[in-house]
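Going down the list, the protein sequences come from chains G and R. For what it's worth, this note's numbering labels the leading residue of the first sequence as 1, then goes sequentially. For what it's worth, this note's numbering labels the leading residue of the second sequence as 1001, then goes sequentially. Glycine residues also receive a C-beta, built at the ideal position from the N, C-alpha and C atoms. Here the structure comes first, spelled out in structure tokens, and everything after it is commentary.
Number of protein chains: 2
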Amino acid sequence: MNLENTKAQMRKGVLEFCILSLLSNKEAYASDLIQAMKESKLLVVEGTIYPLLTRLKNDGLLSYRWEESTGGPPRKYFKATPLGEKFLEELRITWDELVEAVGKATSP
Amino acid sequence: MNLENTKAQMRKGVLEFCILSLLSNKEAYASDLIQAMKESKLLVVEGTIYPLLTRLKNDGLLSYRWEESTGGPPRKYFKATPLGEKFLEELRITWDELVEAVGKATSP
DNA sequence: TTTTAGTACTATGCAATACAAAGTACCATA
DNA sequence: TATGGTACTTTGTATTGCATAGTACTAAAA
């Protein structure tokens, strides 16, 4: 039982929410997202974000298009689908409810 | 990809925080905890809480004592150990940081 | 030309945890 | 004696964050 593990556990489901929010009405590829998350003090690594993007795409919440890059391999630019936008709204409510519930349960 | 699964995922690590907080300087057994969580809109079931309590006990964060019950089998009353109290403070910080980070990443 | 470094993505496997389901054991009452 | 409710244990599953290794593309250094 260590804090690092608990931190990883607490991110479960939450990263999905953050990624979907960042891709709401805005395109970005993996490195953009990692950077944006980093600025919010959420350190996400490649081994986490690529499978996550693939999963959200397979579930119809994200779509993507290839874009050539000048200095490297092509990039996958993702954005939320209409279904993704709808799911995002539900996630927002879910997250707010959780924060409120945890606040109640843990207030001294 | 459904909301119920995501809700379950978002609870990972969080329930540990809540339980530890509820058992800070206060004794309770499983049914007490389920009830207290319920009042905070956190529905936890037996299959979740019993393994969780066992895990926290094995990690030295909780201790327990048996108490006879008038109408049923004996109960395990848990409470946080000094190590548990210390870990709880770290969890509090971790959770607050996560809430702030998610707030930043998902603010429209 | 060949090699090296950096970027972007894929694929595989592990560990941890919430949850479900079935089972054991105790007590009181019908 | 049988039934119902309470309390806890055990086993198994699904999901997900993360680590690691690998592929492929470009550009610059050797």
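Classified as buried, R/L1098 has 16 or more neighbouring CB atoms from the shown chains inside 10 Å of its CB. Within chain G, the C-beta atoms nearer than 9 Å to that of R/F1017 come from T6, M10, V102, A105 and T106, in chain order.
Annotation: the continuous alpha helix (DSSP H) that includes G/S31 extends over A30 to E39. Annotation for G/L43: M37 place their beta carbon closer than 8 Å to its own, counting only its chain and skipping 5 residues before and after.
Going by beta carbons, R/K1041 and G/K104 fall inside the 9 Å limit. A residue is called buried when at least 16 other Cβ atoms come within 10 angstroms of its Cβ; R/S1021 meets this threshold and is buried. The Cβ of G/K79 sits no closer than 9 Å to any Cβ of chain R. Beta-bridge annotation (DSSP): G/G72 is paired with G/S69. Positions of the alpha helix (DSSP H) runs, each at least 4 residues long and wholly inside the region 46–108 of chain G, are given as 46–58 and 82–106 in order along the chain.
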